[in-house]
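Counting along the sequence shown from 1, when you hit position 162 you're at 210 in the numbering used here, and nothing is skipped either side.
Where a beta carbon is used, it is the ideal one built from N, C-alpha and C, also for glycine.
Note that this is a predicted model, so its numbers are computed, not measured.
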Amino acid sequence: MRILLIEDDEGIAETLSIALTAENMTVDHAVSGEEGLEMINLYKYQLVALDLGLPDMEGFSLLENLRAAKKNVSVLVISARADIEIRLACLDAGADDYLVKPFEMNEVIARARALVRRANGHSSSLLEFGGLTLDMSTYEVRVADRLVDLTNKEYKILEILCLRGGGIVTKGHFLDHLYNGMDEPEIKIIDVFVCNLRKKIKGSGINDPIIETLWGRGYRIHPAVAASLLSVEPQEPLDPLPEMKVKTA
Ligand code: CA
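Shown next, in the form of structure tokens:
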């Protein structure tokens, strides 16, 4: 999951960035509205966490700008402004959720993950496919209750594939998400990760192919199991908006 933070307060941005990165998310940071818009045009984000008081423009204008340009990225507004007028105005202008500063880090993380899941058509953090269960809240993959011992990167590859449904994911897309453009290794590393991932899945007792290779194009969840990815029963509906309940999870 790749997130863009648009936040001019370096302290808040750093705290958020560290916490979200520890949760397996890839985080970019823009300190102004203009920089944020540039990055949104350059990269594909699953979520934009947007501050309203930016040095060069109102976050609200940036939001309107995004929606006018038909950018369909999820937007989580994080602002010190708690009045209902601005919260409603943001939601009306196309924000997907609104959090008031000071925030609980756990709530930011839970809401960020919920927004990305919902944007990808999943309302539950639990995905079941091909005999595997992938839990996006604990980053665990199980086969019949037995944990499959995956590295961070292997888990992330499987999650990215799942969030695409049965869609193709290019190796470049994996690299972007796994390394955030920093110290990127050669693209062949993705083949190594996928190879190890397949071995571990097979070792856990799953014999049917889960990940399909499309030569020269990338990888995808095998069509035979991909259909089940979109049919998981919702287990944890989002809080109603705009009433902001405090989550402790
Ligand atoms: Ca600010």
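Ranked by how close their Cα comes to the Cα of ALA272, the residues ASP144, PHE177 and ASN89 have PHE177 in first place.
Under the DSSP assignment, SER127 falls in the beta strand (DSSP E) whose first and last residues are 122-127. Closest in alpha carbon position to LEU209, among LEU226, LYS250 and ILE132, is LEU226.
Collapsing the DSSP output to three states places GLU133 in a helix. Taking one beta carbon from each stretch, the stretch 87-105 and the stretch 120-132 have 3 or more pairs nearer than 8 Å; the two touch.
For THR74, the secondary structure class from DSSP, reduced to helix, strand or coil, is strand. Sorted by position in the chain, ASP56, ASP99 and GLY101 make up the residues whose C-beta lies under 5 Å from a heavy atom of ligand 1. In the assembly as shown, ASP193 is an exposed residue. Its beta-carbon has fewer than 16 other beta-carbons within 10 Å. In the displayed model, ASP145 falls within a strand according to three-state DSSP. The Cβ atoms of ILE205 and PHE241 lie closer than 8 Å to each other. DSSP places ILE238 in no beta strand (DSSP E) but in the uninterrupted alpha helix (DSSP H) bounded by 237-251. Annotated three-state conformation of ILE60 is helix, per DSSP.
Scanning PHE222, LEU182, VAL196 and ALA275 for the CA closest to the CA of ILE249 turns up VAL196. Note that the C-beta distance between THR74 and MET49 is below 8 Å.
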